[in-house]
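Offset between the sequence shown (1-based) and our numbering: plus 4. All C-beta atoms in this analysis are idealised placements derived from N, C-alpha and C, irrespective of residue type, glycine included.
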Amino acid sequence: MMRSEAGALLSKPATRLRERSDFKRYFDDAGTAGTIVVNDLRNDTSLLYNPARARQGYLPSLTFKVPNSLIVLELGVIKDVDQDVFKWTGEPFKVNGEAFLPDA
């Protein structure tokens, strides 16, 4: 699949929504509250646990470190994981005077 095709698929909301109350056990086992939305692109369906919480905005926190790391490696933004290190000073990263990520 080409990147433009993947982008088109990801931007289209699923037609069918299946609420999965059985997913609660995973959050209970971890001793936490949460939500999950899993988009099944092949079947045009979204699986959802805890829809009320899913509608609320939350900062992703550490959730995005792994996929973002894989993306920058695949795109070649970071070429050498041992050398290309951005040390955080406690201030947001800025590009052209603007925060690189909102509230980074």
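Separation of residue j from residue i, as counted between CA atoms
i: A34; j: K28; result: 10 Å
i: F31; j: K98; result: 36 Å
i: W92; j: T36; result: 29 Å
i: D26; j: I82; result: 40 Å
i: G71; j: D86; result: The sequence shown places Pro at residue 71, rather than the Gly named in the question. Going by the C-alpha atoms only, they are around 18 Å apart.
i: R20; j: E102; result: 39 Å
i: P96; j: L63; result: 15 Å
i: D44; j: A18; result: 8 Å
i: S73; j: Q60; result: 26 Å
i: R24; j: N100; result: 44 Å
i: D84; j: R46; result: 35 Å
According to DSSP, residues forming a beta bridge with residue i
i: E78; result: DSSP, once it has assigned bridges, lists no residue as partnering E78.
i: R22; result: L51
Start and end residues, alpha helix (DSSP H) containing residue i
i: R46; result: Where R46 is concerned, there is no enclosing alpha helix (DSSP H), given that its DSSP letter is neither H nor E.
i: R29; result: K28 to A34
Nearest-angstrom Cβ-Cβ length linking residue i and residue j, presumed shorter than 8 Å
i: T49; j: R22; result: 6 Å
i: A58; j: V42; result: That pair is no contact at about 11 Å.
Legend entry - Meets three-Cβ-pair contact criterion under 8 Å: the stretch 68-86 and the stretch 47-58: no
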